[in-house]
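Numbering (full-length UniProt numbering), first residue to last: 1 to 346. Below is one structure; the comments refer to it alone.
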């Protein structure tokens, strides 16, 4: 086993420390983020999970299965709520679940779809029917979340998964086919899909306004930012003419949001972690074989999907998507050292 202390690990540790420190910097004398406790709890949960993964090879299997089961119940609940609304054929309803909004639901299902596909591809025949139904449930929940960012993330994750996992290409094609059929069958979904490429659409135009205002905020506070969770407060000063949302919750881009709130050090820390993780994931896929490679492909693809989603959102700040993202980072960074090699899908 290679030593835990190494230059690469030092960079990752420095990045995590930089992000943590920058969360408490409030250069504009605004209140320290109310998310501090949530972030501390998230970090503790991730460290606890990674610790168990290191100590117990079977914990990873248990953890992934628990997440899939949770996502299954969340998807079922979200669809039940959605179709109980008599206006579901209009844009007046979106699938959502307990303690989470539509975009967060979409982010969780991106991860869950990839891992369910992995189990479906590598498990015995007696479980394939049940896993297939679970996968269908998750796809429908994702589609009816109306989360455009999650849709993009799911497409990216599925393309990545299908590219690396040849055995699953037919399943990926079927999943995408089902999603497209549903999207084109419901008028409200069809309109939502068309709005992605339509820069003049009110939703897309509003997001562009937010990005432009965010860049002005960054130019005014490039080094230390404005302090975490202060975005909606400061935004009003930089709000562009024509914009309708006066208090957006975030910059709707994870890199912009980290830079504007945490400053340049936080941005460099996060970017460094992402680059190191993606490079390591690529190397694991190239070097592993069998089930270990399947785990590496699923982890890499799920992480990529979450990152794509967060180019138009900031679900990494949520207590639902955040821990999943950082667990994937940990599993990829140290995937050649412990239980990723011991995983079983039986």
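Think of the CB as a built atom: it goes at the ideal place given N, C-alpha and C, for glycine as much as any other residue.
So, with DSSP's three-state summary, where would you put residue i?
{"i": "residue 222", "result": "coil"}
{"i": "residue 216", "result": "helix"}
{"i": "residue 190", "result": "helix"}
{"i": "residue 239", "result": "coil"}
{"i": "residue 398", "result": "Nothing can be reported for residue 398, as the shown portion of the chain is limited to 1 through 346."}
{"i": "residue 107", "result": "helix"}
{"i": "residue 125", "result": "helix"}
{"i": "residue 230", "result": "coil"}
{"i": "residue 153", "result": "helix"}
{"i": "residue 337", "result": "coil"}
{"i": "residue 81", "result": "helix"}
{"i": "residue 391", "result": "In the structure as shown, the chain starts at 1 and stops at 346, and residue 391 therefore has no counterpart that could be examined."}
{"i": "residue 147", "result": "coil"}
Grab me the residues of residue i's own chain with a C-beta within less than 6 Å of its C-beta, minus the 5 sequence neighbours each way, in chain order.
{"i": "residue 111", "result": "302 and 324"}
{"i": "residue 148", "result": "196"}
{"i": "residue 75", "result": "137, 138 and 141"}
{"i": "residue 288", "result": "296"}
{"i": "residue 164", "result": "285 and 297"}
{"i": "residue 192", "result": "146"}
{"i": "residue 86", "result": "Residue placement at residue 86 cannot be trusted, given a pLDDT of 48 that sits under 50; what the coordinates show is reported in the next sentence. For residue 86, where only same-chain residues beyond five positions count, there are no Cβ hits under 6 Å."}
{"i": "residue 113", "result": "138"}
{"i": "residue 88", "result": "Any reading at residue 88 needs caution, since the residue's pLDDT is 48, under 50, leaving its predicted position unreliable; the model's value is listed next. Within the same chain, residue 88 has close Cβ partners 82."}
Taking 7 Å as the limit between beta carbons, can you name the residues of its chain near residue i, skipping five residues before and five after?
{"i": "residue 258", "result": "266, 267 and 270"}
{"i": "residue 143", "result": "179, 182, 183 and 189"}
{"i": "residue 158", "result": "172, 175 and 176"}
{"i": "residue 304", "result": "156, 157 and 160"}
{"i": "residue 168", "result": "117, 121, 161 and 162"}
{"i": "residue 238", "result": "213, 216 and 217"}
{"i": "residue 201", "result": "195"}
{"i": "residue 306", "result": "107, 110, 111, 153, 321 and 325"}
{"i": "residue 278", "result": "none"}
Output needed for residue i: all residues of its chain with C-beta closer than 8 Å, excluding positions within five of it in sequence on either side, in chain order.
{"i": "residue 282", "result": "300"}
{"i": "residue 37", "result": "Low confidence applies to residue 37: its pLDDT is 49, below 50, so where it sits in the model is not reliable enough to give any reading."}
In or out: residue i buried (at least 16 other Cβ within 10 Å) or exposed?
{"i": "residue 381", "result": "The question about residue 381 has no answer, for the chain in this structure spans 1 to 346."}
{"i": "residue 380", "result": "In the structure as shown, the chain begins at 1 and stops at 346. Residue 380 is therefore absent and cannot be evaluated."}
{"i": "residue 109", "result": "buried"}
{"i": "residue 130", "result": "exposed"}
{"i": "residue 198", "result": "exposed"}
{"i": "residue 60", "result": "buried"}
{"i": "residue 135", "result": "buried"}
{"i": "residue 62", "result": "exposed"}
{"i": "residue 280", "result": "buried"}
{"i": "residue 31", "result": "Only weak support exists for where residue 31 lies, its pLDDT of 48 falling under 50; the coordinates are left without a value."}
{"i": "residue 275", "result": "exposed"}
{"i": "residue 66", "result": "exposed"}
{"i": "residue 80", "result": "exposed"}
{"i": "residue 250", "result": "buried"}
Looking at C-beta atoms only, is the number of pairs between the segment 141-156 and the segment 311-330 that lie closer than 8 Å three or more? yes
Within the segment 252-330, note down every full alpha helix (DSSP H) run reaching 4 residues or more, in order along the chain. 254-287 and 290-309
Would you check if the segment 242-255 and the segment 205-219 touch, i.e. whether three or more CB-CB distances between them fall below 8 Å? yes
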